[in-house]
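Peer 1: UniProt numbering puts the first residue of the sequence shown at 1, with every later residue one more than the last. Idealized CB from N, CA, C, for every residue including glycine. This structure is in structure tokens; I'll ask about it shortly.
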Amino acid sequence: MDEKTLIAKRVALELMDGDLVNLGIGLPTLVARYVPAGRHVFFQSENGIVGMSGPITGAENHDLTDAGGSPISALPGAASFDSALSFGLIRGGHLDVTVLGGLQVDREGRLANWMVPGKMVPGMGGAMDLVTGARRVIVAMQHSAKGEAKIVERCTLPLTSVRRVDLVVTDLAVIEPTDAGLVLKETAPGVTVEQVIANTGCELIIAPDLRSMPIEG
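Right under this line is the structure:
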């Protein structure tokens with residue numbers, strides 16, 4: 001199983017029956033593929049749809065896209081609307097969960113995910129609204145990039161929001177930001193606590209009930 005699939009499968013287990021969920025650009029869009037059987041989750045795109053699925057072969061609609069511009073399909077009963085209503089759902093606190101990628105998360109659980117200084121970027125998009133407005137924020141990202149830790153003492157990249165995120169899922173671990181600091185809750189299959197610590201740029205609190213990620217397949 002590759003790293004992105006591992007992360008997406010673990011995040012999917014966090015989604016509950018009836019949740020209204022927004023998936024960010026990139027890795028988070030994979031989460032929709034792995035929702036447990038029998039669990040009904042409603043996916044929203046800030047482009048203006050509730051009830052989307054990933055592209056179904058032969059049923060892709062290139063007039064419908066996710067946040068990253070990839071074609072999607074509308075499930076039976078889906079609703080479409082303008083951006084004003086779409087962001088009203090987000091800013092009004094009606095989203096149960098948002099899953100976003102990350103460039104950095106710091107010891108206080110703050111996320112930076114929209115800009116690398118000196119590089120061209122399209123803008124913040126809906127990330128600021130999603131982190132501020134969703135009831136639960138899950139960050140799905142690789143634990144390190146190019147040998148550099150992405151979980152750090154303090155973000156050096158521009159923050160997306162000052163709000164603390166609720167959970168960070170990486171290819172090595174599941175970490176919960178708390179008032180006391182970052183709590184290591186789970187390690188990926190075959191990964192040791194020492195490996196997680198060695199690839200993390202700040203102190204971790206080891207949960208007394210630390211376990212291995214419940215991943216199948």
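Mind checking whether I90 and E46 have CB atoms under 9 Å apart?
Peer 2: yes
Peer 1: Would you identify the three-state DSSP class for V97, choosing helix, strand or coil?
Peer 2: strand
Peer 1: What are the boundary residues of the alpha helix (DSSP H) that R211 is part of?
Peer 2: In the DSSP assignment, R211 falls outside any alpha helix (DSSP H) and within the unbroken beta strand (DSSP E) covering 205-212.
Peer 1: Can you give, in chain order, each stretch of the beta strand (DSSP E) that sits fully within the stretch 105-171 and has at least 3 residues?
Peer 2: 136-140, 167-169
Peer 1: Give the DSSP-derived three-state secondary structure of R71 in the structure shown.
Peer 2: Sequence inspection shows Pro at residue 71; the Arg mentioned does not correspond to that position. If DSSP states are grouped into helix, strand and coil, P71 belongs with the strands.
Peer 1: Counting beta carbon pairs with one atom in the stretch 180-189 and one in the stretch 152-160, are three or more of them shorter than 8 Å?
Peer 2: no
Peer 1: Select from H62, L30, L103, S80 the residue whose C-alpha is nearest the C-alpha of A149.
Peer 2: L103
Peer 1: Output the boundary residues of the alpha helix (DSSP H) element that contains A12.
Peer 2: 3-12
Peer 1: In whole angstroms, what separates the C-alpha of D63 from that of S73?
Peer 2: 10 Å
Peer 1: In angstroms with no decimal places, state the Cα-to-Cα distance between P208 and A198.
Peer 2: 20 Å
Peer 1: Is residue 237 near D106, with beta carbons less than 9 Å apart?
Peer 2: The structure shown has nothing for residue 237, since the chain only spans 1 to 217.
Peer 1: In the structure shown, what three-state DSSP assignment does G38 receive?
Peer 2: Judged by DSSP in its simplified three-state form, G38 adopts coil rather than helix or strand.
Peer 1: Report yes if the C-beta distance between V169 and R33 is below 9 Å; otherwise report no.
Peer 2: R33 is positioned such that its CB atom lies no closer than 9 Å to that of V169.
Peer 1: Can you grab the Cα-Cα spacing for the pair M52 / T98, in whole Å?
Peer 2: 15 Å
Peer 1: Considering only residues of the same chain and omitting the five flanking positions on each side of G77, which have a CB-CB separation below 7 Å?
Peer 2: G51, listed in sequence order.
Peer 1: According to the neighbour-count rule (16 or more other Cβ atoms, all chains shown, within 10 Å of its Cβ), is residue 219 buried or exposed?
Peer 2: A query on residue 219 cannot be resolved here, the shown segment of the chain reaching from 1 to 217 and no further.
Peer 1: Can L20 and L130 be called in contact, C-beta distance under 9 Å?
Peer 2: Not a contact, by the Cβ cut-off of 9 Å.
Peer 1: Consult DSSP for G18 and reduce its assignment to one of helix, strand or coil.
Peer 2: coil
Peer 1: To the nearest angstrom, how far is it from the Cα of T65 to the Cα of G101?
Peer 2: 18 Å
Peer 1: Bridge partners for V50 per DSSP, in chain order?
Peer 2: Q44, A79
Peer 1: If the criterion is Cβ atoms closer than 9 Å, does the pair G118 and I151 meet it?
Peer 2: no
Peer 1: Between which two residues does the beta strand (DSSP E) carrying V183 extend?
Peer 2: 181-187
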